[in-house]
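This report concerns only the one structure given below.
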Amino acid sequence: MKIAARDAATGPVLEIVGDLDYGTAHELREHVGRTALRPGQCLVLDLSRLEFCDSSGITALIAARNHAAAARAEVALAGVPDNTLRILRIVGLDQVFALHPHAQSAVDARSAPTPRV
Numbered sequence: 116m117k118i119a120a121r122d123a124a125t126g127p128v129l130e131i132v133g134d135l136d137y138g139t140a141h142e143l144r145e146h147v148g149r150t151a152l153r154p155g156q157c158l159v160l161d162l163s164r165l166e167f168c169d170s171s172g173i174t175a176l177i178a179a180r181n182h183a184a185a186a187r188a189e190v191a192l193a194g195v196p197d198n199t200l201r202i203l204r205i206v207g208l209d210q211v212f213a214l215h216p217h218a219q220s221a222v223d224a225r226s227a228p229t230p231r232v
């Protein structure tokens, strides 16, 4: 697994490439743990190049959400592959994570001005 990081206007974007499984999930946990988040930011996890994700990988995604919540930030998953999306839906995590078709749409959704009423 490879993790590529970049900054966006709304917070860090981490692109996860390869397999997120028992053997690599600790790498994501460690990387996210070193990622500084400020209140109101959104950590985007770009999974568009994820090839495989097992239960350890799902747990690492939840750990990322917990890390963000502790910083009063949010997490969005982008480009979730169909097989992983199916698992997220089965266990109800599609109701926990903001899901976006790609990383830029996740950033754009957070960047859009809130309409005044």
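Going by the numbering used here, the sequence shown opens with residue 116, and the numbers climb by one from there.
Cβ atoms here follow ideal geometry from the backbone N, Cα and C, with glycine treated the same way.
For Asp197, three-class secondary structure by DSSP: As a position in the sequence shown, residue 197 is number 82, starting the count at 1. Correct three-state label for Asp197: helix.
Own chain, CB closer than 6 Å to Arg153, minus 5 neighbours either side, in chain order: On the sequence shown, residue 153 is found 38 positions in, with the first residue counted as 1. Excluding sequence neighbours, Arg153 sits near nothing in its chain.
C-beta atoms of Leu160 and Gly126 nearer than 8 Å: Taking the first residue of the sequence shown as position 1, residue 160 is located at position 45. Taking the first residue of the sequence shown as position 1, residue 126 is located at position 11. No, the Cβ-Cβ distance between Leu160 and Gly126 is not below 8 Å.
Cα-Cα separation between Lys117 and Thr150, rounded to whole angstroms: Counting from one through the sequence shown, the residue named residue 117 turns up at place 2. Counting from one through the sequence shown, the residue named residue 150 turns up at place 35. If you take the alpha carbons of Lys117 and Thr150, they lie about 16 Å apart.
Cβ-based neighbour list, Glu166, same chain, cut-off 6 Å, excluding 5 preceding and 5 following: Residue numbering aside, residue 166 sits at position 51 when the sequence shown is read from its first letter. For Glu166, where only same-chain residues beyond five positions count, the Cβ hits under 6 Å are Gly133 and Asp134.
Residue range of the beta strand (DSSP E) that includes His215: By one-based count along the sequence shown, residue 215 stands at place 100. Element bounds for His215: Ala213 to His215.
Close-in-space but distant-in-sequence residues of the same chain around Pro196 (CB under 7 Å, 5 per side omitted): Reading the sequence shown from its first residue, position 81 is the one you call residue 196. Leu162 and Leu165.
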